[in-house]
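Protein chains in written order, with this note's numbering: chain B, 6 to 272; chain E, 246 to 607.
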């Protein structure tokens with residue numbers, strides 16, 4: 006694990022994270038929660054209003070099953086969900102691909118920042134390091150919201166996104182300072198060697214990062230309370246005939262480590 | 246020309262599916278120019294997000310006061326910081342605007358407080374174009390620029406930190422007389438061919454290379470000129486409107502055709518004149534696209550249109566004169582003139598034009 010120096014704001018132009026920020030992570034049963042989408046860096050982001058052309062999946066999964074996150078087009082928060090029963094809710098937003106063309110230097114810088122070393126190497130092998138790049142990027146964002154008391158039995162669920170982060174313990178039921186195992190899957194299979202980064206709202210420049218093992222797992226020791234964002238980016242060459250050379254998938258997962266987590270976990 | 250084709254492609258992309266697939270935020274920017282004397286830029290953006298960015302970039306954390314008044318005073322207190330990522334430039338030189346910050350409370354529980362930021366100032370005298378850059382947003386945003394006197398707003402989608410395309414301030418100086426305008430548009434027409442319009446230059450060269458006779462050049466150039474004047478005028482008066490996505494690749498095809506024909510033909514045929522006339526109609530639409538981008542002053546519409554067209558003719562003549570000086574006519578009767586000059590030059594022109602055709606279709 007390592008921490009990065011402060012690299013602040015809008016500087017890296019195109020490598021922006023996207024995450025879900027619910028209006029509350031701990032709603033009461035019956036409460037309506039706004040599901041805000043944010044694009045930015047270091048957990049500082051711009052609101053992304055609901056855009057039906059971008060939405061591929063916008064869902065919430067609870068004990069009762071899978072439901073769409075509804076909302077008004079063009080509005081921020083992009084969606085709303087109503088908490089039917091107490092428990093852990095898994096909110097997911099999967100986007101359609103967006104096209105972007107980047108000059109060589111920006112693209113290479115972004116590959117470095119996101120730890121996409123294999124793509125850097127592939128470009129070097131193809132003598133493309135100096136070439137501009139056309140990319141299609143898709144978002145695979147998730148958020149965990151807890152209504153009521155936490156229980157270790159509640160867990161994150163696989164939503165079926167192309168790239169997906171799944172926490173293997175309920176973060177609302179862990180002791181602060183305990184390890185949180187996280188699994189990264191690409192097309193539902195464990196993805197090895199990918200850079201996974203975790204950051205906390207109170208100190209987003211102090212990032213935790215690790216590469217996944219052969220089983221697609223990393224472990225983070227989360228010391229701080231409050232909002233956490235875990236993220237990973239994966240890129241693949243597009244099949245021949247596509248109008249872009251690269252397809253990238255941006256997985257993110259947000260949750261809140263509550264101040265009472267240590268106490269609850271000991272029960 | 247290539248730049249224009251690229252701009253057209255970008256516009257087409259933004260207007261099509263790709264625009265919808267962009268992550269568009271809630272920031273909006275509108276720019277208004279008044280009588281060529283003052284500018285007013287209005288930025289509307291999410292107030293809370295802006296405060297977070299400003300405080301984080303100053304190394305602090307967001308203040309607890311999230312009321313509209315609290316957000317407003319926080320944003321105003323970061324005036325110098327805010328200016329660092331905002332750039333208004335006239336002809337590439339940044340200006341220092343007066344800035345007012347205001348924050349309106351959220352309309353309802355589900356919405357967020359919006360900051361409205363107004364930047365105003367004087368347009369430097371003689372300024373010809375305006376560019377804009379706003380580095381306080383991560384998402385895509387729309388910028389609308391309008392000149393109060395011309396009334397045609399231009400909307401451009403920008404990524405955070407991306408510099409806008411130059412917005413021409415051609416109606417900038419109300420004092421500009423008819424002669425000034427005539428000269429300015431004549432120059433714009435001329436430079437649109439020489440040096441900016443490599444494709445039109447190659448077309449004219451293609452015409453020149455066909456045969457050694459002055460009559461051949463004269464007839465073809467006349468047909469071309471009459472034709473492009475017709476479509477340029479019709480397009481500018483709104484009678485004719487064809488997408489640059491269609492016109493630009495066809496212009497490239499016309500160049501390729503003329504050049505390829507030169508390889509197989511050495512005399513002027515009547516159908517060649519008809520074809521050059523038809524191609525001239527296309528090129529006229531291309532000129533109209535360029536002229537529409539430059540903008541025309543309402544008060545001197547006809548003057549500008551005619552002088553631009555004259556500038557284009559002068560540009561064409563300059564190309565022919567240059568070709569005459571370089572290649573000359575006195576060799577035209579020599580046996581090697583076709584094999585060593587006409588054929589290789591036409592092949593080169595044809596290859597370039599085929600490449601453009603493919604490039605413009607993408």
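Don't be surprised by glycine CBs; every beta carbon is placed ideally from N, CA and C.
Residue 235 of chain B and residue 170 of chain B do touch by the CB rule: their CB atoms are close to 6 Å apart, below 8 Å.
If you keep only unbroken alpha helix (DSSP H) runs of at least 4 residues inside the segment 94-118 of chain B, you get 109-118.
Annotation: Cβ neighbours of residue 297 of chain E in chain B (cutoff 7 Å, chain order): 49. Interface flag for residue 45 of chain B against chain E is set, since a Cβ pair is found closer than 8 Å. Close to residue 61 of chain B, with beta-carbon spacing below 8 Å, lies no residue of chain E; the smallest spacing is near 11 Å.
At least 8 Å separates the CB of residue 239 of chain B from every CB of chain E. Within the same chain, 492, 496 come within 6 Å of residue 531 of chain E by CB-CB distance, once the 5 residues on both sides are set aside.
For residue 267 of chain E, the nearest CB of chain B lies under 8 Å from its own CB, placing it at the interface with that chain. Looking at the backbone, the Cα of residue 95 of chain B and that of residue 259 of chain B are separated by about 10 Å. Against chain B, a Cβ distance below 8 Å from residue 270 of chain E picks out 44, 51, 52, 53, 54. Checking the DSSP bridge columns, you'll see residue 516 of chain E has no partner listed. Note that the segment 434-452 of chain E does not touch the segment 289-307 of chain E; fewer than 3 beta-carbon pairs, one per stretch, sit closer than 8 Å. Neighbourhood of residue 291 of chain E in chain B, by CB distance below 9 Å: 51, 52, 81, in chain order. The CB of residue 384 of chain E comes closer than 7 Å to the CB of 44, 51, 53 in chain B, given here in chain order. Taking a cut-off of 8 Å for Cβ pairs, the segment 443-450 of chain E and the segment 561-569 of chain E touch, as three or more such pairs fall below it.
One Cα belongs to residue 487 of chain E, the other to residue 514 of chain E, and the distance between them is close to 29 Å. By the C-beta criterion, the segment 332-348 of chain E is judged to be in contact with the segment 307-323 of chain E, since at least 3 inter-stretch pairs fall below 8 Å. In the three-state reduction of the DSSP assignment, residue 387 of chain E falls in the strand class, which pools E and B. Contact of residue 247 of chain B with chain E by beta-carbon distance below 8 Å is absent, the smallest such distance being about 13 Å. Residue contact with chain E for residue 103 of chain B: present (Cβ-Cβ distance below 8 Å to some residue of chain E). Excluding its 5 nearest sequence neighbours in each direction, residue 145 of chain B has C-beta neighbours in its own chain below 7 Å: 99, 166, 167, 168, 169, 254, 255, 256, listed in chain order. In the DSSP annotation of this structure, the continuous segment of the alpha helix (DSSP H) that includes residue 472 of chain E starts and ends at 459-481. By the rule that beta-carbons nearer than 8 Å mark a contact, residue 360 of chain E does not touch chain B. The segment 33-48 of chain B makes contact with the segment 84-93 of chain B: 3 or more CB pairs, one atom from each, lie closer than 8 Å. Under the 10 Å beta carbon count, residue 26 of chain B is surrounded by 16 or more other beta carbons and is classified as buried.
The contact set of residue 294 of chain E on chain B, defined by CB atoms closer than 9 Å, consists of 43, 45, 49, 50, 51, 52 in chain order. Here residue 113 of chain B has 125, 128, 134 as same chain residues with Cβ atoms under 8 Å from its own Cβ, once five neighbours each way along the sequence are excluded. A direct Cα-Cα distance of roughly 11 Å separates residue 587 of chain E from residue 505 of chain E. Interface annotation, residue 357 of chain E: in contact with chain B, CB-CB separation under 8 Å. It is roughly 10 Å from the alpha-carbon of residue 328 of chain E to the alpha-carbon of residue 343 of chain E. Counting the other Cβ atoms within 10 Å of the Cβ of residue 46 of chain B gives 16 or more, which makes it buried. Measuring C-alpha to C-alpha distances from residue 475 of chain E to each of E:296, E:572, E:551 identifies E:551 as the nearest.
In the three-state reduction of the DSSP assignment, residue 374 of chain E falls in the strand class, which pools E and B. With distances taken between CA atoms, residue 109 of chain B lies nearest to B:137 out of B:137, B:89, B:121. Each residue's CA atom was taken as its position, placing residue 290 of chain E and residue 272 of chain E some 4 Å apart.
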